[in-house]
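Below you'll find the structure, written out as structure tokens, and then a few comments.
Numbering (UniProt numbering), first residue to last: 1 to 417.
Rendered as structure tokens:
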């Protein structure tokens with residue numbers, strides 16, 4: 001099967017950072033496309049991968065190993081496997097301010113692994129790589145959220161309808177590049193190998209967790225079930241019959257592998273916000289579906305054992321995978337969730353560099369009701385700050401303005417602009 005080369009949004013960011021910063025770190029989950037992006041960028045650089053055991057062994061002599069790259073840009077792949085190199089790199093770039101000396105990639109956050117004692121704070125720019133969004137797959141520009149902030153949509157416009165069946169197929173597939181052309185019935189083969197060969201291995205290498213495969217799998221399934229729910233480690237632990245401390249370590253380990261993210265809570269009082277719980281969200285909807293034993297779109301269409309709330313969170317997880325890469329393009333943008341009570345919550349709140357807020361509610365129905373905008377309107381009534389725009393994303397085909405500043409937006413508008 002031929003590999004499709006996708007133009008990644010982060011590639012231009014990489015090229016810009018290499019001209020400005022001494023070190024650039026490209027961090028993201030295994031198989032999300034880091035190495036392929038670097039290959040496509042066609043940088044003039046030496047390349048080394050620490051997944052090669054001989055290379056890893058050679059890197060233990062830090063001074064001698066790094067000396068060979070004195071005159072060239074070097075790409076060091078999987079830097080988390082040799083945290084000893086960080087101090088050596090730090091010394092080199094402190095003596096030489098030339099930009100573009102090192103490009104480091106990591107499938108685990110080298111700043112969080114147990115034996116990491118050094119950081120590159122102030123010396124390195126960090127690029128977060130994620131699985132592909134549909135907009136990247138289809139070659140669209142990263143401007144969907146920008147258009148929502150500026151409300152540059154026309155009421156009563158129509159776009160290609162997504163429909164539930166297509167939505168479910170996209171959710172099952174997720175965004176890992178390698179599976180984009182897999183037959184749906186073969187997806188489980190790839191994800192099974194990913195869990196066994198990548199996650200289990202990397203958890204043992206990158207954390208202090210004692211990896212028991214069956215227990216880890218149960219923990220992953222619990223995280224998948226509660227993806228896009230407010231963080232409650234005790235509830236996750238009850239699902240798996242492991243201790244709360246052990247589950248907390250599993251969650252931290254998955255965050256280190258860039259497979260679990262936290263979305264902080266937004267509050268009207270920033271100090272009070274420190275006490276609000278974040279949402280946990282897994283980085284890929286395809287992985288979530290696999291862990292929940294959902295392997296066919298027809299299964300989702302006919303109904304599953306998932307409760308309505310759990311199914312809604314699964315759709316939210318997929319939407320997160322579509323909007324997060326665009327948010328990453330803007331260093332001053334931030335993503336939140338909002339929850340005041342059971343009736344007033346917003347799935348995603350995006351704050352831009354001007355302090356403007358964009359509220360996104362996610363619905364899996366192809367038709368909308370006026371109540372679907374209730375949480376967004378309650379928020380705006382309480383919000384006396386900068387501009388606020390609210391949008392409900394749904395798998396229909398009609399763009400319309402429900403009220404001043406409130407929009408119904410088909411999910412396919414995320415890549416049809």
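Every residue, glycine too, gets a C-beta built ideally from N, C-alpha and C.
Since the structure is predicted, the reported quantities are computational estimates derived from the model, not experimental observations.
The criterion of a C-beta distance shorter than 9 Å is not satisfied by residue 18 and residue 126. The straight-line gap separating the alpha-carbon atoms of residue 48 and residue 55 is approximately 7 Å.
In the three-state DSSP reduction, residue 386 falls in the coil class, being neither helix nor strand. Per DSSP, residue 124 is not a residue of any alpha helix (DSSP H); the beta strand (DSSP E) it occupies stretches across 124 to 129. In the same chain as residue 124, and ignoring 5 residues on each side of it, the C-beta atoms closer than 7 Å to its own belong to 21, 23, 24, 25, in chain order. In this model, residue 413 and residue 159 are separated by some 7 Å (Cα to Cα). Per the Cβ contact rule, the stretch 359 to 367 is in contact with the stretch 300 to 319 (3 or more Cβ pairs under 8 Å). By DSSP's assignment, residue 261 forms a beta bridge with 281. Taking a contact as a CB-CB distance under 8 Å, the pair residue 336 and residue 265 counts as one, their CB atoms being some 6 Å apart. Of all alpha-carbon atoms in 229, 215, 192, 227, the one lying nearest the alpha-carbon of residue 243 is that of 215.
Between the C-alpha atoms of residue 11 and residue 320 there is a straight-line separation of about 20 Å. Annotated three-state conformation of residue 392 is strand, per DSSP. By the criterion of at least three beta-carbon pairs nearer than 8 Å, the stretch 168 to 184 is in contact with the stretch 279 to 289. Note on residue 68: under 16 other CB atoms within 10 angstroms of its CB, so exposed under the neighbour-count rule. Looking at the DSSP output, residue 403 sits in a beta bridge with 406. When DSSP states are grouped into helix, strand and coil, residue 311 belongs to the helix group.
Taking a C-beta distance under 9 Å as the contact criterion, residue 213 and residue 238 do not qualify as a contact pair.
With at least 16 other beta carbons inside 10 angstroms of its own, residue 80 counts as buried. When DSSP states are grouped into helix, strand and coil, residue 235 belongs to the helix group.
The alpha-carbon of residue 62 is positioned some 57 Å away from that of residue 377. Cβ-Cβ distances below 8 Å link residue 233 to 244, 247, 248, 251 in the same chain, with the five nearest sequence neighbours on each side left out; the list follows chain order. Boundaries of the alpha helix (DSSP H) around residue 253: 244 to 256. In this structure, residue 187 lies away from residue 330, with their beta-carbon atoms at least 9 Å apart.
Its Cα nearest to that of residue 150, the residue 356 stands out among 356, 157, 161, 41.
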